[in-house]
Amino acid sequence: MAYTPDQYKELFQRLINSSLSPGDTQRLLDWLGSNDHDPVAAELILKQLEVADGRPDEAAMQALEARLHNILTLDNGEQTAEVAVIPFYRKTGWRVAAAVAVLLTVAGLYLLITRKPATPAPLVQTNTPADIAPGREGAILELSDGRKLVLDSLGNGMVATQEGSAVVLNNGELQYRPASDASEIVYNTVSTPKGRQFRLQLADGTKVWLNAASSLRYPAVFAGNERLVEVTGEVYFEVAKQTDESGKRKPFRVKINDQTQVEVLGTHFNINSYTDEASINTTLLEGSVRIVNGQQNTLLQPGQQAQINGKSAGTKAIRVVNDVALDKVMAWKDGLFDFQDASLEEVMRQLERWYDLEIVYEKGIPKLEFVGKMGRDLSLANVLRGLEMSNVHFRIEEGRRLVVFP
Numbered sequence: 222m223a224y225t226p227d228q229y230k231e232l233f234q235r236l237i238n239s240s241l242s243p244g245d246t247q248r249l250l251d252w253l254g255s256n257d258h259d260p261v262a263a264e265l266i267l268k269q270l271e272v273a274d275g276r277p278d279e280a281a282m283q284a285l286e287a288r289l290h291n292i293l294t295l296d297n298g299e300q301t302a303e304v305a306v307i308p309f310y311r312k313t314g315w316r317v318a319a320a321v322a323v324l325l326t327v328a329g330l331y332l333l334i335t336r337k338p339a340t341p342a343p344l345v346q347t348n349t350p351a352d353i354a355p356g357r358e359g360a361i362l363e364l365s366d367g368r369k370l371v372l373d374s375l376g377n378g379m380v381a382t383q384e385g386s387a388v389v390l391n392n393g394e395l396q397y398r399p400a401s402d403a404s405e406i407v408y409n410t411v412s413t414p415k416g417r418q419f420r421l422q423l424a425d426g427t428k429v430w431l432n433a434a435s436s437l438r439y440p441a442v443f444a445g446n447e448r449l450v451e452v453t454g455e456v457y458f459e460v461a462k463q464t465d466e467s468g469k470r471k472p473f474r475v476k477i478n479d480q481t482q483v484e485v486l487g488t489h490f491n492i493n494s495y496t497d498e499a500s501i502n503t504t505l506l507e508g509s510v511r512i513v514n515g516q517q518n519t520l521l522q523p524g525q526q527a528q529i530n531g532k533s534a535g536t537k538a539i540r541v542v543n544d545v546a547l548d549k550v551m552a553w554k555d556g557l558f559d560f561q562d563a564s565l566e567e568v569m570r571q572l573e574r575w576y577d578l579e580i581v582y583e584k585g586i587p588k589l590e591f592v593g594k595m596g597r598d599l600s601l602a603n604v605l606r607g608l609e610m611s612n613v614h615f616r617i618e619e620g621r622r623l624v625v626f627p
């Protein structure tokens, strides 16, 4: 049955009062996401969010998000498919676009409630390619003899043997299972092209996640008194503790470049070493790591991040940042884009890697800053529609080219 705007207002008030059923909540969200809600929806949302000085009240926004999440993940007392309710909005420029963006990633619905009606330019112009799908799981495995295997195309089972270790693909994870002592140390490399991410378990039990456009070089079986791997791009580690015959822990070392290493005993940490970023960032989530940069070194504690100027590795001091936003650092692993305090350039670099794009700025780079989160399982067009509420526009062209213009 069709509801009138006044009835939808009543539904929204019941949502605020935490008395709305899951069915009516979905009906309300569908209406707010349609083309029929303005200006009524904007008016009632802004009123409930207590907009002051052109910005919404943060506590009111968080309370609304929590209510939506609680309602949509419960149905007759039973847990249903997980629903992520995530705000997205620009940090400045609230006169044009303000309020809440609710992203329902499981249902694939992107709901954007704006303060003013807006008609963004079409993202895909006539005679241009269709929307671009998000990235997915996949990687290329290079074996010690130079053979390369496209892991996306392989099913579960053993894909190779490497000097005492069986290499097995198990539900999207590459696992090294030592079967005997290795007669020699041989190295493998896993690399993710743009638009791919991957996870693997090394022979010592260490778990590794690779973001798009990243690589990991490692021995098929660890031998000796230390474990050494090399990375490019962005990689997250959960390092397994390992001891020698005397009971002494074997260190785990990650080589980033000729000057920079991370020394570990057993810990969880993330390395972002993309060459197009301003700095190499190592973020510690658990345990402790030592960052070595040329003749300098520093010990990190959980929640800290070491930053090294990417163009001056080995010569610049290591900068330590306290109380890092760990959810932002780990968003990629958790299936999200986190654009907290991100410039347009930073946002575009993330999209370039995940959607395998060429970014072109048609009239310079707009000076914009964003906050909020989006699911990495969204198509490119859905992500761009959210960004377009911030006085920036996009055009998808042939050859996976994304044109950015004011």
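Residue 222 is where the sequence shown starts when you use our numbering, and the numbers rise one by one after that.
No residue lacks a Cβ here, since even glycine has one placed at the ideal position from N, Cα and C.
A quick note: this is a predicted structure, and the numbers were derived from the prediction, not measured.
- Taken through DSSP and simplified to helix, strand or coil, residue 357 comes out as strand.
- Contact annotation: residue 491 and residue 551 have beta-carbon atoms nearer than 8 Å.
- With 16 or more other Cβ atoms inside 10 Å of its own Cβ, residue 424 counts as buried.
- Boundaries of the alpha helix (DSSP H) harbouring residue 608: 601-608, taken from the DSSP string.
- Taking the Cα positions, residue 225 is about 19 Å away from residue 240.
- Assignment of residue 232 by DSSP, reduced to helix, strand and coil, places it in the helix class.
- Your pair residue 460 and residue 386 does not check out as a contact, with CB atoms roughly 18 Å apart and the cut at 8 Å.
- Straight-line spacing of the CA atoms in residue 479 and residue 514 works out to 9 Å.
- In the three-state scheme derived from DSSP, where H, G and I count as helix and E and B as strand, residue 488 is classed as coil.
- For residue 430, the enclosing beta strand (DSSP E) begins and ends at 428-431.
- If you draw a straight line from the Cα of residue 233 to the Cα of residue 605, it comes to about 27 Å.
- In this structure, residue 362 and residue 411 form a Cβ contact; the two beta carbons are roughly 5 Å apart against a cut-off of 8 Å.
- Around residue 463, the same chain offers 425, 471 as residues with beta carbons nearer than 6 Å, after the five sequence neighbours per side are excluded.
- Taking C-alpha positions only, residue 482 is separated from residue 475 by approximately 5 Å.
- Taking all protein chains in view, the Cβ of residue 432 is crowded by 16 or more other Cβ atoms within 10 Å, so the residue is classified as buried.
- Around the Cβ of residue 594, a 10 Å sphere holds 16 or more other Cβ atoms; the residue is buried.
- Just measuring C-alpha positions, the residue of 518, 523, 389 sitting nearest residue 422 is 389.
- When the Cα atoms are used, residue 455 and residue 505 turn out to be separated by approximately 14 Å.
- Assignment of beta-bridge partners to residue 542 by DSSP yields 526.
- DSSP places residue 565 in no beta strand (DSSP E) but in the uninterrupted alpha helix (DSSP H) bounded by 565-576.
- Per DSSP, the continuous alpha helix (DSSP H) segment holding residue 548 begins and ends at 547-550.
- Distance from the CA atom of residue 360 to the CA atom of residue 371, rounded to whole angstroms, is 6 Å.
- Contact annotation: residue 616 and residue 577 have beta-carbon atoms that are not nearer than 8 Å.
- Residues of the same chain with a CB within less than 8 Å of the CB of residue 497, apart from the 5 flanking positions on each side, are 570 in chain order.
- Scanning 530, 500, 543 for the CA closest to the CA of residue 521 turns up 543.
- Counting of Cβ neighbours within 10 angstroms places residue 374 among the exposed residues, the total staying below 16.
- Distance from residue 447 to residue 438 at the Cβ level is roughly 15 Å; contact not present, criterion being Cβ atoms closer than 8 Å.
- A check of alpha carbon separations from residue 598 across 248, 356, 228 identifies 356 as the nearest.
- Judged by DSSP in its simplified three-state form, residue 437 adopts strand.
- The continuous beta strand (DSSP E) containing residue 378 extends over residues 378-383.
- A Cβ-Cβ distance of about 14 Å is found for the pair residue 559 and residue 590, leaving them out of contact under the 8 Å criterion.
- Using a Cβ distance threshold of 8 Å, residue 352 and residue 601 count as a contacting pair.
- Setting aside the 5 residues that flank it on each side, residue 587 is surrounded in the same chain by 565, 612, 613, 625, 627, each with a C-beta closer than 8 Å to its C-beta; the list follows chain order.
- With fewer than 16 other Cβ atoms inside 10 Å of its own Cβ, residue 405 counts as exposed.
- Counting of Cβ neighbours within 10 angstroms places residue 379 among the exposed residues, the total staying below 16.
- Taking 8 Å as the cut-off, the beta carbon of residue 507 is found no closer than this to the beta carbon of residue 519.
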